[in-house]
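Just so you know, the sequences run in chain order A and B. Under this note's numbering, the first residue of the first sequence carries the number 1, and numbering increases by one thereafter. Under this note's numbering, the first residue of the second sequence carries the number 358, and numbering increases by one thereafter. For every residue, glycine included, the Cβ atom is placed at its ideal position computed from N, Cα and C.
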Amino acid sequence: MAAGIIIDDVTKIFPPNVVALKNVSLKIKPGEFFVVLGPSGSGKTTLLRIIAGLEVPTKGRVIIGNDVVVDADEGIYVEPRDRNIGMVFQNWALYPHMTAYDNIAFPLRIKKLPKDEIDKRVREVAEALEISDLLDRKPAHMSGGQQQRVAVARALVKQPNVLLLDEPFSNLDARIRITAREFVRELQKNLGITTILVTHDQADAFAVGDRIMILKSGIAQQIGPPEELYGKPANVFIASFIGDPPMNLFKLKIDHPLIDTLNVKGYITKHDNIVYVGIRPDEAIASTSLENAHFVGKVILVEYVGSRRYAKVNILSEISMRVLAEENIRDGDEVRIYVKKLHLFNSNGKRIHTINP
Amino acid sequence: MGAKRKLLKGYRGGLLGSPLKWLIANIIAWTIGVLWILPFIGIFMTSIRPFSEVVSGWWSVSPFTPTLKNYVDALFNPMFSLLRGFMNSFIIAVPSTIIPVMLAALAAYAFARFSFPIKNYLFVTMLFLMAAPQQMTIIPIFFMLNNMRLLNTYLGLILIHSSWGIPWITFFLRNYFSMLPKELEEIARVDGATNRQIFFKIVLPISLPGIISASVLQFAWVWNDFFFALMLIFDPNKMVITQMLPRLKGQYQIDWGLLSSGSVLAMIVPLIVYIIFNKYYMGGFRGWAMKK
Numbered sequence: 001m002a003a004g005i006i007i008d009d010v011t012k013i014f015p016p017n018v019v020a021l022k023n024v025s026l027k028i029k030p031g032e033f034f035v036v037l038g039p040s041g042s043g044k045t046t047l048l049r050i051i052a053g054l055e056v057p058t059k060g061r062v063i064i065g066n067d068v069v070v071d072a073d074e075g076i077y078v079e080p081r082d083r084n085i086g087m088v089f090q091n092w093a094l095y096p097h098m099t100a101y102d103n104i105a106f107p108l109r110i111k112k113l114p115k116d117e118i119d120k121r122v123r124e125v126a127e128a129l130e131i132s133d134l135l136d137r138k139p140a141h142m143s144g145g146q147q148q149r150v151a152v153a154r155a156l157v158k159q160p161n162v163l164l165l166d167e168p169f170s171n172l173d174a175r176i177r178i179t180a181r182e183f184v185r186e187l188q189k190n191l192g193i194t195t196i197l198v199t200h201d202q203a204d205a206f207a208v209g210d211r212i213m214i215l216k217s218g219i220a221q222q223i224g225p226p227e228e229l230y231g232k233p234a235n236v237f238i239a240s241f242i243g244d245p246p247m248n249l250f251k252l253k254i255d256h257p258l259i260d261t262l263n264v265k266g267y268i269t270k271h272d273n274i275v276y277v278g279i280r281p282d283e284a285i286a287s288t289s290l291e292n293a294h295f296v297g298k299v300i301l302v303e304y305v306g307s308r309r310y311a312k313v314n315i316l317s318e319i320s321m322r323v324l325a326e327e328n329i330r331d332g333d334e335v336r337i338y339v340k341k342l343h344l345f346n347s348n349g350k351r352i353h354t355i356n357p
Numbered sequence: 358m359g360a361k362r363k364l365l366k367g368y369r370g371g372l373l374g375s376p377l378k379w380l381i382a383n384i385i386a387w388t389i390g391v392l393w394i395l396p397f398i399g400i401f402m403t404s405i406r407p408f409s410e411v412v413s414g415w416w417s418v419s420p421f422t423p424t425l426k427n428y429v430d431a432l433f434n435p436m437f438s439l440l441r442g443f444m445n446s447f448i449i450a451v452p453s454t455i456i457p458v459m460l461a462a463l464a465a466y467a468f469a470r471f472s473f474p475i476k477n478y479l480f481v482t483m484l485f486l487m488a489a490p491q492q493m494t495i496i497p498i499f500f501m502l503n504n505m506r507l508l509n510t511y512l513g514l515i516l517i518h519s520s521w522g523i524p525w526i527t528f529f530l531r532n533y534f535s536m537l538p539k540e541l542e543e544i545a546r547v548d549g550a551t552n553r554q555i556f557f558k559i560v561l562p563i564s565l566p567g568i569i570s571a572s573v574l575q576f577a578w579v580w581n582d583f584f585f586a587l588m589l590i591f592d593p594n595k596m597v598i599t600q601m602l603p604r605l606k607g608q609y610q611i612d613w614g615l616l617s618s619g620s621v622l623a624m625i626v627p628l629i630v631y632i633i634f635n636k637y638y639m640g641g642f643r644g645w646a647m648k649k
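The following block contains the structure:
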């Protein structure tokens with residue numbers, strides 16, 4: 001049965017004074033595919049390890065299903081083996097001296113299940129992950145993608161309530177990554193198992209996650225479905241972290257001409273004299289002929305990424321921004337830019353509003 | 358001129374850069390190698406020649422009649438049969454390898470992966486005391502074995518060798534274990550294994566190279582030991598091969614052929630072990646670099 005997970009005000013400090021996580025709280029629904037996304041050092045792997053039981057939080061508690069598995073204040077700690085979780089490490093950690101079959105059977109043999117039951121379950125899970133013909137091989141004789149599936153099989157064979165994945169796609173090359181992402185997402189939906197995936201790659205996060213939490217330096221920045229993170233980023237960090245190509249972000253004084261052109265003065269409170277204006281490259285377009293353009297500029301560079309073309313345009317001499325470019329645009333052209341959507345942030349970096357000017 | 362060009366062609370930009378350096382390095386290496394091997398050649402030659410020829414000098418090359426008589430005499434010597442010595446050496450060396458390696462492996466894993474009070478002090482003390490030479494500790498050891506009635510027994514000598522081996526093997530294996538990727542043990546924890554299961558089912562099988570290295574080194578050390586055997590074993594039937602060798606010296610004259618063949622016999626077991634387990638021997642000496 002899938003179980004929900006509650007992370008209640010978890011803080012983790014590594015001696016002497018490295019704060020890995022600070023007051024992180026979230027609730028994960030049963031059957032949800034939840035992603036923890038953040039750059040290196042954000043604390044995401046630490047959070048995963050705390051949920052697994054490989055680390056203990058300094059403060060706070062974790063509840064899986066209805067059971068408190070760790071409570072720093074009450075001194076409760078449940079061993080990883082009693083939490084009914086399956087885990088896949090970044091480098092898969094397959095036992096090198098055992099065949100794939102033995103690797104997958106290992107958790108069941110530890111539980112001392114009868115031999116035919118073990119065989120049945122191993123073959124079932126191998127079938128589901130399409131690795132039935134690899135069962136006699138040792139990890140050294142398998143490709144990265146195959147090793148990963150064996151690792152996932154080993155995690156799932158004991159039918160856990162929760163599946164934990166630590167950067168499962170980072171060791172795969174780009175092509176396989178896309179297949180692997182789809183595979184994992186389908187599998188998760190079919191099994192309905194609560195899954196937490198940790199990654200630094202926002203494309204991975206967006207491809208599989210029902211909801212995503214962004215972590216930076218141990219502090220939760222925003223939690224929400226991918227559309228919300230993309231369309232309504234809560235602060236400047238999230239806005240620039242999510243989205244490829246990255247959002248154009250301008251730090252402007254409120255008397256900057258751009259503020260007037262974009263007509264956003266009304267949203268700014270009186271206290272701020274600095275705002276951040278963010279425009280996603282996909283939400284602005286450059287064209288040689290445009291009626292309601294917001295500004296004009298000169299193209300410095302045209303980037304062609306296959307499905308789209310982006311132009312880097314110099315506007316108002318000191319600002320350059322990357323926007324979608326129409327087909328006929330070339331380097332050096334004078335263009336007019338129309339902004340469909342922009343994001344406004346106050347001087348602290350926090351979101352004020354998303355505007356369609 | 359032609360030869361130098363050939364050298365140049367092969368060794369431009371080689372390990373040592375210039376061909377001249379290569380030449381000098383090789384000359385030095387070969388000289389040392391030959392000098393090193395000379396005594397062994399000498400011993401081997403002496404061992405296969407009858408006494409009459411050896412008497413006239415080690416390096417006299419004629420007449421040269423190879424014979425195995427020396428070996429037969431050594432092996433079946435009425436007073437100090439090297440065959441018996443061979444067997445005794447095995448009786449001592451094999452348990453003295455297995456016991457310390459097993460015990461040290463357990464201790465080493467604890468030092469590598471667990472934390473407990475005074476762990477570091479214990480470890481450092483153990484290392485520090487390893488520096489004590491055999492000659493210094495033999496007196497208390499002698500009296501201790503005497504009190505335990507284990508003097509002149511196989512068990513006594515095995516116990517001493519095992520105790521002597523445990524500290525260095527613990528050190529060696531602790532370093533080896535700490536280089537193993539922690540993830541394997543962690544995922545085994547998540548999979549449900551207890552510490553004992555993790556050690557025996559995961560860590561030990563993966564550590565086989567290290568265990569074999571330690572075993573090979575310990576075996577060679579015990580086999581080659583002379584001092585402890587000399588001090589603690591008096592019964593000719595129980596003597597090991599190393600302590601029998603000097604007793605092959607005659608009272609009035611020295612039969613070099615006999616002694617040489619005895620030496621070869623004593624050497625041959627560690628040599629064979631070295632050849633078979635070459636990889637592990639070298640790995641043991643220079644340390645193991647782990648590939649993930």
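Under a CB-based cut-off of 7 Å, is residue i close to chain A?
i        : result
B/Lys648 : The predicted model places B/Lys648 with a pLDDT of 43, which falls under 50 and marks its position as unreliable, so this point remains unresolved.
B/Gly549 : yes
B/Phe443 : no
B/Glu540 : yes
B/Glu566 : First, the amino acid is wrong: residue 566 of chain B is Pro here, not Glu. It does not; no Cβ of chain A falls within 7 Å.
B/Ile633 : no
B/Pro562 : yes
B/Glu410 : no
B/Arg546 : yes
Which residue from the options puts its Cα closest to that of residue i?
i        : options                                : result
A/Ala293 : A/Ile223, A/Lys253, A/Asp73, A/Lys341  : A/Lys341
A/Val152 : A/Glu130, A/Asn263, A/Ala325, A/Asn23  : A/Glu130
A/Asp358 : A/Pro139, A/Thr58, A/Ser42             : The structure shown has nothing for residue 358 of chain A, since chain A only spans 1 to 357.
A/Pro139 : A/Ser347, A/Ile319, A/Thr99            : A/Thr99
A/Val150 : A/Leu135, A/Pro160, A/Gln159           : A/Leu135
A/Ser170 : A/Ala155, A/Thr199, A/Gln146           : A/Thr199
B/Leu587 : B/Thr527, B/Ser572, B/Gly513           : B/Gly513
A/Ala3   : A/Val18, A/Ile13, A/Phe34              : A/Phe34
A/Arg309 : A/Asn190, A/Gly75, A/Gly231, A/Ala284  : A/Ala284
A/Asp282 : A/Tyr267, A/Pro257, A/Glu326           : A/Glu326
A/Leu252 : A/Asn346, A/Met213, A/Ser132           : A/Asn346
A/Lys312 : A/Asn91, A/Val69, A/Pro246, A/Pro15    : A/Pro246
A/Thr45  : A/Gly266, A/Lys298, A/Pro168, A/Ile300 : A/Pro168
Give the DSSP bridge partners of residue i, in chain order.
i        : result
A/Thr199 : A/Leu37
A/Thr194 : A/Val162
A/Asn235 : A/Lys350
A/Ser287 : A/Arg336
A/Arg309 : A/Tyr304
Helix, strand or coil for residue i? Go by DSSP, reduced to three states.
i        : result
B/Gln610 : coil
B/Gly367 : For B/Gly367, the pLDDT reaches just 48, beneath the cut-off of 50, and the residue's location in the model is therefore unreliable, leaving the point undetermined.
B/Met402 : helix
B/Asn503 : helix
A/Asp210 : coil
B/Phe433 : coil
B/Ser519 : helix
B/Asp548 : helix
A/Ala126 : helix
A/His343 : strand
So is residue i buried or exposed if we call it buried at 16+ other beta carbons inside 10 Å?
i        : result
A/Leu215 : buried
A/Asn248 : buried
B/Ser446 : buried
B/Phe613 : Residue identity check: residue 613 of chain B is Trp in the sequence provided, not Phe. So B/Trp613 counts as buried.
B/Phe607 : As written in the sequence, residue 607 of chain B is Gly, which differs from the Phe given in the question. So B/Gly607 ends up on the exposed side.
B/Asp592 : exposed
A/Gly192 : exposed
B/Met596 : buried
B/Phe471 : exposed
Report yes or no: is there a C-beta of chain B within less than 7 Å of the C-beta of residue i?
i        : result
A/Leu172 : no
A/Leu342 : no
A/Pro15  : no
A/Pro107 : yes
A/Met87  : yes
A/Pro80  : yes
Any heavy atom of the ligand NAP within a distance shorter than 6 Å of the CB on residue i?
i        : result
B/Lys558 : As presented, the structure is devoid of all ligands, the ligand NAP included, so that no description of it is given.
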